[in-house]
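*Asks:*
Residue numbers (my numbering): 6 to 257.
(1) Check for me: the alpha helix (DSSP H) holding residue 149 runs from which residue to which?
(2) By DSSP's criteria, residue 15 is part of a beta bridge. Which residues make up the other side?
(3) Would residue 46 and residue 203 be called neighbours here (beta carbons separated by less than 9 Å)?
(4) For the alpha helix (DSSP H) that residue 200 lies in, which residues bound it at each end?
(5) Is any beta-carbon of chain B found at less than 9 Å from that of residue 146?
(6) Please go through the same chain and pick out, in chain order, the residues whose beta-carbon is closer than 6 Å to the beta-carbon of residue 60, but skip the five residues on each side of it.
(7) Quickly, what does DSSP pair residue 254 with across the bridge? List them, please.
(8) Do you know whose CA, among 243, 253 and 88, lies nearest residue 274's CA?
(9) Going by DSSP in three states, residue 65 sits in which element: helix, strand or coil?
(10) Could you pull the start and end residues of the alpha helix (DSSP H) that residue 90 belongs to?
(11) Give me the DSSP bridge partner(s) of residue 188.
(12) By DSSP's criteria, residue 216 is part of a beta bridge. Which residues make up the other side?
(13) Name, in chain order, the residues that DSSP records as bridge partners for residue 73.
(14) Quick one: any contact between the stretch 36–55 and the stretch 82–91, if contact means 3 or more CB pairs under 8 Å?
(15) Starting from residue 243, trace the beta strand (DSSP E) in both directions and tell me its first and last residue.
(16) Evaluate contact between the stretch 109–119 and the stretch 135–147, counting only Cβ atoms and requiring at least three cross-stretch pairs below 8 Å.
(17) Return the first residue and the last residue of the beta strand (DSSP E) that residue 114 is part of.
(18) Identify, in the order they occur along the chain, each residue of the same chain with its Cβ nearer than 8 Å to the Cβ of residue 97, setting aside the five sequence neighbours on each side.
(19) Using only the alpha-carbon positions, how far apart do residue 145 and residue 238 sit?
(20) Which of the three DSSP states is assigned to residue 207 in this structure?
(21) Buried or exposed for residue 248, please, with buried defined as at least 16 other CB atoms from any protein chain shown within 10 angstroms of its CB.
(22) What's the C-alpha gap between residue 235 and residue 14?
(23) Give the secondary structure of residue 240 by DSSP, where H, G and I count as helix, E and B as strand, and everything else as coil.
(24) On the three-state DSSP scale, how would you describe residue 97?
(25) Secondary structure at residue 83, three-state DSSP: helix, strand or coil?
(26) Using the C-alpha atoms, what's the distance from residue 37 back to residue 63?
(27) Measuring CA to CA, which of 27, 11, 9 and 19 is closest to residue 207?
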């Protein structure tokens, strides 16, 4: 789910969320929702991370895991080096940096942030509504990246694409998705992390339920929600998946 291969290149999903529905023409149909975020952590803290995750409820971010909030005030091209972005570059506005999860001793960094614009304001930098996921400012600075003429596409000094949002039509890989998806060139990104003695890990949480479109539907008929969570992490270029945990929350 987090490792993609296209045009003989490997990519890692760093941030996305999506929903999968069954046959909506039926009165009752299945719905699945998934949310995935990638973080980086020091290699020597991976075992502590795994133990923490085994004993934590990751569903719905109950553990106060760092998350990005869309920003829209600065223009897209003012990210991340401008006085306008500097003004919102703080946790209060959902722009995260290295931080410690409550109750742990290890530091983690969310790999992404996001920009959105309805395209109907005085901002003429976009022609239509846009929602785009961007790499965290820390990576842009440390890897000396710059944005190309394609919105959301970031290259290193050698001109190699490191990050891009595959849902933006102008990017190098195009996929149909209702939500933005930040992808990273696996080989180049993992190579950088290895040099920094860092590694990637992913937190996935979601839910499974049966939806009912019957006009006479009563809340007492609700079957409940199956809460899903898991983590994965990189061991070099290999991805290790921990077992998926499912907890069923019944309707009272």
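Note that the Cβ used here is the ideal one computed from N, Cα and C, for glycine as well.
What you are looking at is a predicted structure, and each value in this text was computed from that prediction instead of being measured.
*Replies:* On the basis of the supplied data:
(1) Unbroken run through residue 149: none, as it is neither H nor E.
(2) 10
(3) yes
(4) 191–200
(5) The chain inventory of the structure shown lacks chain B, comprising one protein chain alone.
(6) none
(7) 230
(8) The chain is shown from 6 up to 257; residue 274 falls before or after that span and cannot be answered.
(9) helix
(10) 88–93
(11) 18 and 169
(12) 34
(13) Residue 73 is not bridged to any residue.
(14) no
(15) 243–246
(16) yes
(17) 112–115
(18) none
(19) 22 Å
(20) strand
(21) exposed
(22) 26 Å
(23) strand
(24) helix
(25) helix
(26) 17 Å
(27) 19
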